[in-house]
Amino acid sequence: MKRLSEKTLAELPSEIQRPAYDRQACQTGIVHLGIGAFHRAHQAVYSDDVLAAGEQSWAICGASLRGPGVRDQLAPQDGLYTQAVAGPEGESLRVIGAVKEVFFAAENPAALVARLADPQTRIVSLTVTEKGYCHDPASGALQHDHPDIRHDLQHPEQPRSALGFLLAGLRRRYERGQTPFTVLSCDNLPHNGATLRGLVLELAEAVDPALMRWIEAETSFPSTMIDRIVPATTEDDRQRVSERLGLRDEGVVICEPFRQWVIEDRFAAGRPLWEQAGAQMVSDVAPFEEMKLRLLNGSHSMLAYLGYLCGHETIADTMADDTLRRLTRRFMDREAGPTLKLPPGADLESYKQALIERFANPGLQHRTWQIAMDGSQKLPQRLLATIRDRLRVGAAIDLLALAVTGWMRYTAGHDEAGAVIDVRDPLAGKLVESYAAGQGDPSRIVDAFLQLREVFDPDLADNPDLRKALTGALGLILTRGTRAAAEATLARISI
Ligand code: CS2
Numbered sequence: 001m002k003r004l005s006e007k008t009l010a011e012l013p014s015e016i017q018r019p020a021y022d023r024q025a026c027q028t029g030i031v032h033l034g035i036g037a038f039h040r041a042h043q044a045v046y047s048d049d050v051l052a053a054g055e056q057s058w059a060i061c062g063a064s065l066r067g068p069g070v071r072d073q074l075a076p077q078d079g080l081y082t083q084a085v086a087g088p089e090g091e092s093l094r095v096i097g098a099v100k101e102v103f104f105a106a107e108n109p110a111a112l113v114a115r116l117a118d119p120q121t122r123i124v125s126l127t128v129t130e131k132g133y134c135h136d137p138a139s140g141a142l143q144h145d146h147p148d149i150r151h152d153l154q155h156p157e158q159p160r161s162a163l164g165f166l167l168a169g170l171r172r173r174y175e176r177g178q179t180p181f182t183v184l185s186c187d188n189l190p191h192n193g194a195t196l197r198g199l200v201l202e203l204a205e206a207v208d209p210a211l212m213r214w215i216e217a218e219t220s221f222p223s224t225m226i227d228r229i230v231p232a233t234t235e236d237d238r239q240r241v242s243e244r245l246g247l248r249d250e251g252v253v254i255c256e257p258f259r260q261w262v263i264e265d266r267f268a269a270g271r272p273l274w275e276q277a278g279a280q281m282v283s284d285v286a287p288f289e290e291m292k293l294r295l296l297n298g299s300h301s302m303l304a305y306l307g308y309l310c311g312h313e314t315i316a317d318t319m320a321d322d323t324l325r326r327l328t329r330r331f332m333d334r335e336a337g338p339t340l341k342l343p344p345g346a347d348l349e350s351y352k353q354a355l356i357e358r359f360a361n362p363g364l365q366h367r368t369w370q371i372a373m374d375g376s377q378k379l380p381q382r383l384l385a386t387i388r389d390r391l392r393v394g395a396a397i398d399l400l401a402l403a404v405t406g407w408m409r410y411t412a413g414h415d416e417a418g419a420v421i422d423v424r425d426p427l428a429g430k431l432v433e434s435y436a437a438g439q440g441d442p443s444r445i446v447d448a449f450l451q452l453r454e455v456f457d458p459d460l461a462d463n464p465d466l467r468k469a470l471t472g473a474l475g476l477i478l479t480r481g482t483r484a485a486a487e488a489t490l491a492r493i494s495i
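Going by the UniProt record's numbering, the residue at position 193 of the sequence shown is 193; the numbering climbs one at a time, nothing skipped.
Here you go:
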């Protein structure tokens, strides 16, 4: 089968939407670090809409920091790939043209730094996942002993980390007397813009305090809330979509119909009119972000651990399981929802209902295992911040505790039938050790986990109510199994 590319684009069946603009005439105004499926199904689609509306200076140059995979998929396709939206009437396909160039950073870090320093680059956006920020998820502090940070401090012109690349690009601009670019974090971190700003400044200070002051004064780091469910693409997905295209596409991304992007409107060097593609430009992202992190991502993580332990492969499967579906709704209604300060105009009830329907989308094969990854980096903002707020006012945390202990049990590395679980987490070694240190005793296991300062701040680690709730929940899981523990918890809280 021929490959999708500029040359073969005209061979696509007529019903497939494709770039209706002159890609050659578009200039690259955005460099994106971490060009995985999520970026290609989210921000790149908004930019594709903007390019189609005639704003030609906002094409994207993408960079992968961790492997050559995406470059190898997209370079032979001139950056073209298909977005397959899994809706109620099947999949609708659209070829996206916003990405003009893809780098694998490690192959030629100097070329990426040059791109960042190019005056045409006005925005540098990021989706590098939580662990890509090289910080302690609980405290938000830079990990000075992180191997990539240590490397980047020694070789600032040949960086490895996203922070190192940002700094190298900004430094070059500073030295040449150019204007800086806007740094746009699009990861699921609390206050992602401010968090990233703090980390870049901390690194800059270690390199050159004058550079740090320039970044502080001149560069903006708007916060964003990004939302679209984008499961990892499988080989089946590629084959199915390629057959419909009549062309082989290695870069297919699968996503749900829903998409939302809320952006703080503070750009140092101009921006595309993303609002014309449906983005919301606001002055304060925090309430949007908190609602999404605590309801969507909090439920997701809970479902990933409990669902996996109950034998479910995907999130849609967990929603077809009556116990887990009810548990999710109760989690939102009883524990996560009441902690929120709602964004202007939000309707909490319909937001929660929509989430249940989005999770149940049968067209998405979103594996519980995928979402379970990197729990140590995700739990603080998804579950522990909610716990902190509830404990402060003496509110119950039964379901939150069940979710957190689901994570602890998952990291044991074997399921309830004894099969191995492939636990992926930057702290995997410590997690397995913590679990093992408890020797099967729930209170000792909980104590060992609470020692992990990267995850639990001292205020949580020393809270007797949290300890008691976690020990009780883990005890239930260990003695009765995850499904019975979920049922018993639901029964208890409905009395
Ligand atoms: C998920 C998110 O993998 C995960 O941890 O919770 O990727 C989630 O699908 C997105 O944030 C939805 O916007």
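C-beta: ideal position from N, C-alpha, C; glycine also.
Span of the beta strand (DSSP E) holding residue i?
| i | result |
| --- | --- |
| Gly90 | Gly90 to Ile96 |
| Ser185 | Thr182 to Ser185 |
| Gly193 | Counting along the chain, Gly193 falls outside any beta strand (DSSP E), though it belongs to the alpha helix (DSSP H) covering Asn192 to Val207. |
| Ile315 | Note, Ile315: premise wrong, no beta strand (DSSP E); alpha helix (DSSP H) at Ile315 to Met319. |
| Thr28 | Thr28 to Leu33 |
| Glu101 | Val99 to Phe104 |
Below 6 Å, is the gap between the Cβ of residue i and the nearest heavy atom of ligand 1?
| i | result |
| --- | --- |
| His155 | no |
| Asp425 | no |
| Asn188 | yes |
| His42 | no |
| Ile254 | no |
| Asn297 | yes |
| Asp227 | yes |
| His312 | no |
| Ile35 | no |
| Ile477 | no |
| Ile356 | no |
| Thr371 | Thr is not the amino acid found at residue 371; the sequence shown has Ile there. Ile371 Cβ: within cutoff of ligand 1. |
| His39 | no |
| His300 | yes |
Can you look up residue i in the DSSP assignment and give me helix, strand or coil?
| i | result |
| --- | --- |
| Gly418 | coil |
| Arg326 | helix |
| Asp227 | strand |
| Gln260 | strand |
| Tyr81 | strand |
| residue 574 | Here the chain comprises residues numbered 1 to 495, so residue 574 is not present and cannot be evaluated. |
| Gln280 | strand |
| Lys352 | helix |
| Leu153 | helix |
| Ser57 | coil |
| Val241 | helix |
| Val128 | coil |
| Val113 | helix |
| Arg358 | helix |
| His39 | helix |
| Leu65 | coil |
| Leu142 | strand |
| His312 | coil |
Taking the alpha helix (DSSP H) that residue i falls in, what are its first and last residues?
| i | result |
| --- | --- |
| Ser47 | Gln43 to Ala52 |
| Ile16 | Taken as a continuous stretch (DSSP letters only), Ile16 belongs to no alpha helix (DSSP H), as it is neither H nor E. |
| Ser443 | Pro442 to Leu450 |
| Thr233 | First-last for Thr233: undefined, no H or E at that position. |
| Leu4 | Note, Leu4: premise wrong, no alpha helix (DSSP H); not H, not E. |
| Phe165 | Ala162 to Glu175 |
| Ile254 | Note, Ile254: premise wrong, no alpha helix (DSSP H); beta strand (DSSP E) at Val253 to Cys255. |
| Glu11 | From DSSP, Glu11 is part of no alpha helix (DSSP H); its letter is neither H nor E. |
| Pro344 | Segment: none, Pro344 is in no alpha helix (DSSP H) and carries neither H nor E. |
| Met291 | Ala286 to Met291 |
| Arg467 | Pro464 to Arg480 |
| Ala385 | Ala385 to Arg392 |
- prompt: Any contact of the stretch 181–190 with the stretch 231–247, i.e. 3+ C-beta pairs under 8 Å?
  reply: no
field: Contact the stretch 163–176 vs the stretch 346–359: 3+ CB pairs below 8 Å
entry: no
Inter-stretch contact at 8 Å, needing at least 3 Cβ pairs: the stretch 15–26 / the stretch 117–135: no
message: Check whether the stretch 188–196 and the stretch 218–227 are in contact - that is, three or more C-beta pairs closer than 8 Å.
response: Verdict: yes, contact present.
field: Stretch-stretch touch, CB-based, cutoff 8 Å, three pairs: the stretch 253–268 with the stretch 294–314
entry: no
query: Does the stretch 212–222 touch the stretch 266–278, meaning 3 or more C-beta pairs lie closer than 8 Å?
result: yes
field: At least three beta-carbon pairs within less than 8 Å, the stretch 44–63 to the stretch 149–159
entry: no
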